[in-house]
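Residue numbers (this note's numbering): 1 to 560. Glycine is no exception: its CB is placed at the ideal position from the N, C-alpha and C atoms. Treat the numbers as computed from the prediction; the structure is a model and nothing was measured.
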């Protein structure tokens, strides 16, 4: 479709701010972004929609527009909901680079524009997609008239005789037809997700054909906005997204489909990706709450301050149920060989999926999960409903073994021999005072899991006979003397020479004494790391190759 066609549709609420002479450009797709640099997700020809959250001051507009132009986008549409009028600096930057710029009225949702563009672009190639989307625009709306991806899956069945389901990478059934029809068994969902992840890791182009129980399925990737094309997806390391992208499983063999029908399914995946983005946006508040509570716990804030923040979080995480009498902490880490992939965001997205019961459908069950990430680990704050007075809460809620039982097969396929998922679960605690101990307990449990063989491992608090439970009861004078004897020489040396021996020691122990992993994390040459560790041993008279000395340092750092 042409850019000028967008101005002919009043319902889109678009107002041209510049680029009149460029309106004959062809639009090949649509992307919504608030990233400062979205170029890795662009393949050219897109209408880019932005809410301007990337803009901090006027100087940000020029580099943002330059990146879009270099990626070959067709035009930029800026929403007015955030800042009111579109800033003049953005208008001038677009004019300098001859990039058409539209303003989007604050009353118009980006989903409306996305749906229109996808419908028009795909409709030029295949009338069946236009027929489906035209009749059921409500799938992109909220409230009783909506229905999200379930509605379009019903339409694929009624209009095109296709049975289809949306699955998470962990094999959870996110959406399926609401009308009568077969319900995919949990084990079938897990096998389909595993087959899809294995195909993605080996670089095979979708759709992927799978035969299970005599039925043939075609698996289509569903990527969030900006990753809807193969070219955009190939521009980044597949390990950054393989454990977070949804997939569409269609009970049919797409190998003999005409190009028009393949275009239809690709269009459907783009529409479903809008629902995925909406779901992710809804998690922003819960993620922020988890991050704030985690920072308070880790910095040793007063229990009263943590308790106050928990009271704010509880109604968001447990709507209609009031305060949560118990909380659990789950710590997870995804690590890839080589260490060049940032683990925190990947693990955060994955943990949000893992913590949802695989037999629960739809995105709603994830609305009670708050996951933050710090460094390479993700930390979940899990609220638990009230338990009976006879029970201490320790066996309720999340159990480590059960947590990974149904997702181990697909995750192992996605890790494909060069990644690991390790996870630790704390006991339930009933007060703010207990959260710091629960966090340490979950982290220690994860280290226990990391010491085990296998690509996907978990450990729970029941397996620990740990120092974590003892440290709070060590008298303060003993704690100070113990830590001073081991750490004061290093602190003094760091103060005089800025040698970073304390951070090096922490990283070395956190990497379980692995020279390569620790050097990679600290961005050091291995020889430099060996020099620092040697200096630590010289200053303290300890030997970091001995388990006893490692344990003493570990305890000293935890008590400091």
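Return the Cβ separation of residue 503 and residue 540 in integer angstroms, given the expectation that the two are a contact with Cβ distance under 8 Å.
The pair is not a contact, with the Cβ atoms about 16 Å apart (cut-off 8 Å).
Can you give me the C-alpha to C-alpha distance between residue 50 and residue 77, rounded to a whole angstrom?
Whole-angstrom Cα-Cα distance: 6 Å.
C-beta atoms of residue 192 and residue 174 nearer than 8 Å
In this structure, residue 174 does not lie closer than 8 Å to residue 192 by Cβ.
Reduced DSSP secondary structure (H/G/I, E/B, other) of residue 173:
Note: residue 173 maps to strand in three-state DSSP.
Nearest-angstrom Cα separation, counted from residue 349 out to residue 330:
Straight-line Cα distance between these residues: approximately 14 Å.
Over what stretch of residues does the alpha helix (DSSP H) that includes residue 9 continue unbroken?
Annotation: residue 9 is outside any alpha helix (DSSP H) and is labelled neither H nor E by DSSP.
Is DSSP giving residue 524 helix, strand or coil here?
Per DSSP, reduced to three states, the secondary structure at residue 524 is coil, with no helix or strand assignment.
Jot down the residue ranges of each uninterrupted beta strand (DSSP E) in the stretch 486-542, minimum 3 residues, whole runs only, in chain order.
The qualifying runs do not exist here; there are none.
Taking buried to mean at least 16 other C-beta atoms within 10 Å of its own C-beta, is residue 389 buried or exposed?
With a pLDDT of 38 at residue 389, under the threshold of 50, the predicted position of this residue should be treated as unreliable, and no value is reported.
At what residues does the alpha helix (DSSP H) containing residue 347 begin and finish?
In the DSSP assignment, residue 347 falls within the unbroken alpha helix (DSSP H) covering 343-354.
Contact the stretch 441-461 vs the stretch 412-432: 3+ CB pairs below 8 Å
Enough Cβ pairs lie closer than 8 Å, so yes.
At what residues does the alpha helix (DSSP H) containing residue 430 begin and finish?
Judged by DSSP secondary structure, residue 430 falls outside any alpha helix (DSSP H); it is assigned neither H nor E.
Considering only DSSP beta bridges, list what residue 223 is partnered with.
Partner(s): none; residue 223 has no beta bridge.
Under the assumption that residue 37 contacts residue 67 (Cβ atoms under 8 Å), give the Cβ distance between them as a whole number of angstroms.
About 6 Å separates the Cβ atoms of residue 37 and residue 67, confirming a contact at the 8 Å cut-off.
Among 4, 69 and 44, which residue has its Cα nearest to the Cα of residue 120?
It is 4.
Taking DSSP as the reference, what is the three-state secondary structure of residue 249?
Judged by DSSP in its simplified three-state form, residue 249 adopts strand.
Start-to-end residues for the alpha helix (DSSP H) that takes in residue 196:
Per DSSP, the continuous alpha helix (DSSP H) segment holding residue 196 begins and ends at 186-201.
Spatial neighbours of residue 416 in its chain, beta-carbon cut-off 6 Å, leaving aside the 5 residues before and after
Sequence-distant Cβ neighbours of residue 416 in its own chain, meaning closer than 6 Å and more than five residues away, are 201.
In this structure, how does DSSP classify residue 421 when only helix, strand and coil are distinguished?
Here residue 421 sits in strand by DSSP.
Between 98, 90, 85 and 94, which lies nearest to residue 106 when the distance is taken from Cα to Cα?
For the residues 98, 90, 85 and 94, the minimum Cα distance to residue 106 belongs to 85.
Could you work out which residue in 31, 215, 183 and 433 is closest to residue 274 when comparing CA atoms only?
With distances taken between CA atoms, residue 274 lies nearest to 31 out of 31, 215, 183 and 433.
In whole angstroms, what separates the C-alpha of residue 87 from that of residue 285?
Near 27 Å, if we compare the C-alpha coordinates of residue 285 and residue 87.
Would you mind sorting residue 194 into buried or exposed? The rule is 16 or more other CB atoms within 10 Å of its CB.
That one is buried.
Residue 68 - DSSP class collapsed to helix/strand/coil:
Residue 68: helix per DSSP, three-state reduction.
Could you check if residue 429 is buried or exposed, using at least 16 other CB atoms within 10 Å of its CB as the buried criterion?
Residue 429 should be labelled buried.
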